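Peer 1:
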Amino acid sequence: MRLLFINAHVTTMEASRPYGRCLVVDDGRIENVLDERPHGLARPLQVIDCHGGQIVPGFFDCHLHLTATGLLTGDHDLGPCRNLTAVLDRLRVLARSEELIYAGNVDETTLADARLPTRQELDATTNTKPTMVSRVDGHSCVANSAALALLGVDPRAEGVDRDAHGEPTGTLRGPVSYAA
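Offset between the sequence shown (1-based) and this note's numbering: plus 203.
#1: Under three-state DSSP, which class holds A306?
#2: Does DSSP put V259 in a helix, a strand or coil?
#3: Name the two residues that bound the continuous alpha helix (DSSP H) containing E324.
#4: Suppose contacts are defined by Cβ-Cβ distances below 8 Å. Is L354 in contact with A383 by that definition?
#5: Within a Cβ cutoff of 6 Å, which residues of the same chain sit near Q249, ignoring the five residues on either side of it in sequence?
#6: In the DSSP assignment, what residue or residues form a beta bridge with H212?
#7: Here's the rule I'm using: 16 or more other beta-carbon atoms within 10 Å means buried, otherwise exposed. How should V379 be labelled?
#8: Name the DSSP beta bridge partners of R381, please?
#9: Please state the DSSP three-state secondary structure of V250.
#10: Please determine if the region 302-312 and the region 334-343 are in contact, where contact requires at least 3 C-beta pairs separated by less than 8 Å.
#11: Starting from the C-beta of P358, find all residues in its chain whose C-beta is less than 6 Å away, skip the five residues before and the five after it, and write them out in chain order.
#12: If we ignore side chains and look at the alpha-carbon of each, how far apart do D229 and Q323 end up?
#13: Could you name the residues that DSSP lists as bridge partners for P283?
#14: Rank S337, M216 and S219 by C-alpha distance to the C-alpha of V290 and give the top, closest one.
#15: Roughly how many angstroms separate the alpha carbons of S219 and V296, rounded to a whole number?
#16: If you drop the 5 nearest sequence neighbours on each side, which residues of the same chain put their C-beta closer than 8 Å to that of I209?
#17: What is the rounded straight-line gap between the Cα of L319 and the Cα of L287?
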């Protein structure tokens with residue numbers, strides 16, 4: 204099917220032509236971006252009036268956690284770390300200049316140690332500075348003792364991992380992780 208979107212604010216992401224007012228799409232492919240409604244197009248098409256709405260053609264991630272993405276840049280991005288020593292070294296550097304430490308993108312399946320850091324390891328690395336390390340999927344994290352206390356995490360809450368003695372390991376999953 205061929206579509207013509209009119210009365211739109213089309214953003215192209217192309218430096219040579221950043222904006223347009225009309226968009227022609229043929230079988231799901233962008234055919235043309237125009238400044239004015241075209242007349243006499245060769246094939247029939249369905250006209251859709253966007254009434255001044257925005258169109259951003261292309262492939263863009265529509266599921267973006269903007270704040271977390273911004274926070275997990277530079278030294279806060281632990282994704283490149285290949286073992287726990289590198290993760291803890293990066294956190295140690297952050298602890299020199301920050302009062303609260305949030306870092307993430309850790310994926311234990313890519314770490315040589317094949318596990319996330321523990322609360323005790325974070326305690327030893329960042330001392331009394333509240334520290335939280337988010338897993339790459341954003342659905343779980345590990346917090347040190349200072350962060351657990353600051354956040355008021357109930358050690359009995361669902362999603363708080365506990366060791367054999369019932370003490371929190373620092374790993375938080377699901378809703379308790381999101382709240383943290």
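Just so you know, even glycine gets a beta-carbon here, dropped at the ideal spot from N, CA and C. All of these numbers come straight from a predicted model, not from anything done at the bench.
Peer 2: Concretely, from the data shown:
#1: strand
#2: coil
#3: R322 to T329
#4: yes
#5: L206
#6: Q257
#7: buried
#8: According to the sequence shown, residue 381 is Tyr rather than Arg. Partner(s): none; Y381 has no beta bridge.
#9: strand
#10: yes
#11: P371
#12: 58 Å
#13: For P283, which the question treats as bridged, DSSP gives no partner whatsoever.
#14: S337
#15: 43 Å
#16: R224, C225, R240, V250, I251, D252 and C253
#17: 7 Å
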